[in-house]
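Structure record follows, encoded as structure tokens.
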Ligand code: SAH
Ligand code: SF4
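Numbering (this note's numbering), first residue to last: 9 to 355.
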């Protein structure tokens, strides 16, 4: 017997196909999608506008997955951190950040990360596995039961473009009018710079893109972000220029400031030059320290000078305060339940 299909792994067209393969009317897919995402149905018996026969038949071939948060921690600034444990024991974290009328949910796309950026706690754990589309959207479904979610950023654990197929599927569910109904303006994918996948993402869906640049020379970027050895700065910046942005939207350039490493005015100068022909806004993220990592946070003076240099040259800059620092929910501090392995392949 075939394993049952998790309905939350289907985009709407995929669900239509699944149902029509069973000789069902296609419009049933829209009804089911609305039950799953707009009414948060957890069982087929909740779906009262489907006939009893259809519900019974669905029970035979499909199931509805669900996630419940194992722990919710609330930081002093209102940041909420959720731990989600899957049936195989793996776990990821999501963080809800309230800010100026928005509630931004930072979701995870993988358990661990293969990119091994030197400054990132998630990166010190190897990739354990990709999340399914269902596991990605279920983070949103679960958090929405606790608090409203207005924006989604793929900035939790993992490199979303390294799990592209499932991330695209999840985005389609997030954006679908019959699904989670997020506007394309409110969904952002953050990448460390997987160039071919950036183009593929842009072809598949309309979303905002954030690129973790973090260094202004190949020499430094090679060292702190090994992915740069495959896609160096010039290649990455060309992919940014080529990324299809609707209207007047901008690419977010993320820049983690590492004290004494990439936080000088020379860096700011080079950064400005690198991104000048990309519609951009810059997100400065002061490094969040974590145990076992040699990097240090930048001084406030370095942050202010860097920020001012860019602002004075008409760049839109936001310096992120480290939200949720007291509950280890800030950028680069997420680790789910991962257990530290030896970095034997990265001496
Ligand atoms: N893998 C994706 C998305 C997750 S990381 C990416 O790298 O873009 C989200 C952001 O957190 C990235 O911009 C990353 O550079 C940043 N980050 C990682 N570790 C950090 C740390 N310790 N302090 C501050 N920012 C960090
Ligand atoms: Fe992975 Fe992003 Fe962390 Fe790099 S910064 S290790 S790509 S999660």
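Beta carbons: idealized from backbone N, C-alpha and C, even for Gly.
The structure presented is a predicted model; accordingly, all values stated were derived computationally and were not measured.
Span separating the alpha-carbon of residue i from that of residue j
{"i": "residue 289", "j": "residue 240", "result": "21 Å"}
{"i": "residue 268", "j": "residue 45", "result": "47 Å"}
{"i": "residue 297", "j": "residue 330", "result": "11 Å"}
{"i": "residue 202", "j": "residue 57", "result": "44 Å"}
{"i": "residue 259", "j": "residue 224", "result": "17 Å"}
{"i": "residue 76", "j": "residue 244", "result": "38 Å"}
{"i": "residue 12", "j": "residue 42", "result": "20 Å"}
{"i": "residue 314", "j": "residue 191", "result": "33 Å"}
{"i": "residue 123", "j": "residue 145", "result": "23 Å"}
{"i": "residue 265", "j": "residue 339", "result": "12 Å"}
{"i": "residue 336", "j": "residue 342", "result": "7 Å"}
{"i": "residue 171", "j": "residue 134", "result": "14 Å"}
{"i": "residue 74", "j": "residue 160", "result": "19 Å"}
{"i": "residue 441", "j": "residue 59", "result": "Nothing about residue 441 can be read from this structure; the chain reaches only from 9 to 355."}
{"i": "residue 116", "j": "residue 285", "result": "31 Å"}
Residues bridged to residue i [DSSP beta-bridge criterion]
{"i": "residue 114", "result": "103, 161"}
{"i": "residue 325", "result": "290"}
{"i": "residue 81", "result": "89"}
{"i": "residue 119", "result": "137"}
{"i": "residue 71", "result": "14"}
Secondary structure of residue i, DSSP reduced to three states
{"i": "residue 298", "result": "coil"}
{"i": "residue 91", "result": "strand"}
{"i": "residue 22", "result": "helix"}
{"i": "residue 269", "result": "coil"}
{"i": "residue 350", "result": "Its pLDDT being 44, under 50, residue 350 is placed unreliably by the model, and nothing is read from it."}
{"i": "residue 251", "result": "coil"}
{"i": "residue 142", "result": "helix"}
{"i": "residue 339", "result": "coil"}
{"i": "residue 223", "result": "coil"}
{"i": "residue 331", "result": "coil"}
{"i": "residue 48", "result": "coil"}
{"i": "residue 408", "result": "Nothing can be reported for residue 408, as the shown portion of the chain is limited to 9 through 355."}
Residue i beta carbon near ligand 2 (any heavy atom closer than 7 Å)
{"i": "residue 125", "result": "yes"}
{"i": "residue 336", "result": "no"}
{"i": "residue 324", "result": "no"}
{"i": "residue 101", "result": "no"}
{"i": "residue 165", "result": "yes"}
{"i": "residue 130", "result": "yes"}
{"i": "residue 121", "result": "yes"}
Extent of the continuous alpha helix (DSSP H) to which residue i belongs
{"i": "residue 239", "result": "Neither: residue 239 is in no alpha helix (DSSP H) and is coded neither H nor E."}
{"i": "residue 210", "result": "203-212"}
{"i": "residue 315", "result": "308-320"}
{"i": "residue 231", "result": "226-232"}
{"i": "residue 37", "result": "35-45"}
{"i": "residue 173", "result": "172-183"}
Proximity test, residue i beta-carbon vs ligand 1 heavy atom, cut-off 7 Å
{"i": "residue 220", "result": "yes"}
{"i": "residue 206", "result": "no"}
{"i": "residue 198", "result": "yes"}
{"i": "residue 262", "result": "yes"}
{"i": "residue 15", "result": "no"}
{"i": "residue 293", "result": "yes"}
{"i": "residue 318", "result": "no"}
{"i": "residue 339", "result": "yes"}
{"i": "residue 298", "result": "yes"}
Residue interval of the beta strand (DSSP E) (run including residue i)
{"i": "residue 262", "result": "259-265"}
{"i": "residue 220", "result": "216-220"}
{"i": "residue 198", "result": "195-199"}
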